[in-house]
Amino acid sequence: MRDSLDVLRNDLKARIADIHGRAHRLSPLDIHARLDAIRDAAGRAGLSAAEGLAGHSAQLALLPGCRVAVAEALSHFDDALAAGTADRTTILAAIAARLH
């Protein structure tokens, strides 16, 4: 089980890196769709903090100034992957405070 979770974490990190690398060429709807797929995969794996961060970032992708807000939120993705369930709220609150 541990190996498959590590494989999933690496896959999610690669998908986030792809979004970072291509964000300036992707439409907000494309960013949203990619982040929603990441949210779904993280949720199915029980990675609660990563699921919450990806879901929040997907919502940010549809707002004005999305590229800056999404980049800021996703800069915490490694922390979210390593975090436990209780840390989900802490990570989302820290991002909200930085963005507002």
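Here this note's numbering is used: the first residue of the sequence shown is 4, the next is one more, and so on. Heads up, the beta-carbon is just placed ideally off N, CA and C, and yes, glycines get one too. All figures in this text were calculated on a predicted structure; none of them were measured in a lab.
**Request:** Look up A17 in the DSSP assignment and say whether it is helix, strand or coil.
**Result:** Stepping through the sequence shown from its first residue, residue 17 is reached at position 14. In this structure, A17 counts as helix in the three-state DSSP scheme.
**Simplified DSSP assignment, three categories, for G58** = Stepping through the sequence shown from its first residue, residue 58 is reached at position 55. It is helical.
**Prompt:** Can you tell me the Cα-Cα spacing of A45 and E54, whole angstroms?
**Reply:** Against the sequence shown, residue 45 aligns to sequence position 42. Against the sequence shown, residue 54 aligns to sequence position 51. Those two C-alpha atoms are separated by around 5 Å.
**Asked** How is S7 classed by DSSP in three states: helix, strand or coil?
**Response** As a working note, residue 7 is residue 4 in the sequence shown. Residue state, collapsed to three classes: helix.
**Request:** Could you spell out the range, first to last residue, of the alpha helix (DSSP H) harbouring G46?
**Result:** To locate residue 46, count along the sequence shown from 1; it is residue 43. Secondary structure note for G46: its alpha helix (DSSP H) is the uninterrupted segment P31 to R47.
**Item:** Among L8, D14, H79 and V10, nearest to I41 - alpha-carbon criterion
**Value:** For the purposes of this step, residue 41 is identified with residue 38 of the sequence shown, where counting begins at 1. Nearest C-alpha to I41: D14.
**Nearest to A48 (by Cα), restricted to the options A97, D9, I94 and R18** = Here residue 48 is taken as the residue at index 45 of the sequence shown, counted from 1. The option with the nearest alpha carbon to A48 is D9.
**Asked** Mapping DSSP to helix, strand and coil, what is A97?
**Response** Indexing the sequence shown from 1 puts residue 97 at position 94. Three-state result, A97: helix.
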